[in-house]
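Colleague: Residue numbers (the numbering used here): 12 to 176.
Every residue, glycine too, gets a C-beta built ideally from N, C-alpha and C.
Remember, it's a predicted structure, so these values are computed and weren't measured experimentally.
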């Protein structure tokens, strides 16, 4: 019986690691230092797609998330601060897509950084790339980054390199 109580207690402790909600901004801004082309900024929805994908994949990992209009490292609780550092769109459906995105972020607990990452992904469009637009292919890179970040949230580390690195 004692062994059973220990197992239950261990399960509760393990489950509580992910029990606290991670708050992230509904929009991941482009880094002020980036030189992302204006057509990417105006035509693609990367800034809203990235947080949505992070939340979607985090839910699959049983990590609770909540959106806020803005987040800050000094906010109480668990806060994920993310920005899109780079997005490059070369090529097209006829000559072949060559797309790249990179995001940087940090996870804070009550104002103290507990982990940070750089995540990047490349895509040539995948199956039927000839029928996809540039924003669609860039969206594939952001979706993959969202999955990478969600996996990292399950066990955050410092200076993590995620994705195609």
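1) Need the endpoints of the beta strand (DSSP E) that residue 125 sits in, please.
2) Taking the C-alpha atoms as reference points, what is the distance between residue 3 and residue 101?
3) What ranges does the beta strand (DSSP E) occupy inside the segment 23-85, keeping only unbroken runs of at least 3 residues that lie completely in it?
4) Got a sec, what are the start and stop residues for the alpha helix (DSSP H) residue 151 sits in?
5) Identify the continuous beta strand (DSSP E) that holds residue 172 and give its terminal residues.
6) Classify residue 88 as helix, strand or coil using the three-state DSSP reduction.
7) Taking all protein chains shown into account, do 16 or more other C-beta atoms lie within 10 angstroms of the C-beta of residue 176, making it buried, or fewer, making it exposed?
Modeller: Judging by the given coordinates:
1) Residue mapping note: residue 125 aligns to position 114 of the chain shown, counting from 1. Start and end: 123-134.
2) Given a span of 12 to 176 for the chain in the structure shown, any question on residue 3 remains unanswerable.
3) Scanning the segment 23-85 for uninterrupted beta strand (DSSP E) segments of 3 residues or longer gives 33-36 and 76-79, listed from N- to C-terminal end.
4) Taking the chain shown and counting its residues from 1, the one referred to as residue 151 is at position 140. Run containing residue 151: 145-165, per the alpha helix (DSSP H) assignment.
5) Mapped onto the chain shown, residue 172 falls at position 161. First-last of the beta strand (DSSP E) with residue 172: 171-174.
6) On the chain shown, position 77 is the one that residue 88 refers to. Look at residue 88 here: in three-state DSSP terms it is coil, with no helix or strand label.
7) Your numbering for residue 176 matches position 165 in the chain shown. Per the 10 Å Cβ criterion, exposed.
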